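Per UniProt numbering, the sequence shown starts with residue 1, numbered consecutively.
Glycine is no exception: its CB is placed at the ideal position from the N, C-alpha and C atoms.
Everything numeric in this text was worked out from a predicted model, so none of it was measured.
Contents: one structure, followed by commentary.
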Amino acid sequence: TEKRAKDLTDLGFVFLVGKRRLEPLVTKPWEERFQDLLVFKEKYGHTCVPQNYPELGQWVNNQRSEYMKMQKGKKSHMSAEKALKLANVGFVFDATVRRGSKISPDDY
1 TEKRAKDLTD
11 LGFVFLVGKR
21 RLEPLVTKPW
31 EERFQDLLVF
41 KEKYGHTCVP
51 QNYPELGQWV
61 NNQRSEYMKM
71 QKGKKSHMSA
81 EKALKLANVG
91 FVFDATVRRG
101 SKISPDDY
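Rendered as structure tokens:
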């Protein structure tokens, strides 16, 4: 409750450390986020979205995670069609690879 939070704050309890967001991330349909990624790529020339773009960055991270699940044969929200769309715009499926993907559209 608010009273409990105030009491803890008065005692010196710190709820957040650093620059964490208090508001929830905005949920958008996949296609809208994909369009956001295209705008980002047009502006910066790559699809490696940094942390200072929290909504798009989280979406990018989710796409990587869902892609890995799909590759392992696990239940995933990623489809071959989505993976192909991402690959066609130079999406980086492996976060350890910078500005280039280990897969290409020819893999589909």
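Does DSSP classify residue i as helix, strand or coil?
i           : result
G100        : Note that G100 scores 48 on pLDDT, short of 50, meaning its location in the model is unreliable; the coordinates nonetheless yield the value given after this. Coil, per DSSP.
A80         : helix
Y53         : coil
A87         : helix
residue 109 : Summary: the structure shown does not reach residue 109, with the chain confined to residues 1 through 108, and so no result is reported for it.
D107        : With a pLDDT of 45 at D107, under the threshold of 50, the predicted position of this residue should be treated as unreliable, and no value is reported.
V60         : helix
V26         : coil
K75         : coil
Measure from the alpha carbon of residue i to the alpha carbon of each residue in the options, then state which is nearest.
i   : options               : result
T27 : A95, P54, S76 and E42 : P54
T96 : W30, C48 and E32      : C48
L56 : F91, R4 and L84       : F91
H77 : W59, L37 and N52      : W59
V89 : E2, L38, G73 and E81  : L38
D94 : G73, K74, E66 and K75 : E66
N61 : R33, K74 and E2       : R33
E81 : F40, H46, Y44 and W30 : W30
How many whole angstroms separate the CB atoms of residue i and residue j, which I take to be in contact at a CB cut-off of 8 Å?
i           : j   : result
residue 119 : L86 : This structure does not reach residue 119, given that the chain is present from 1 up to 108, and the question cannot be answered.
A83         : M70 : 7 Å
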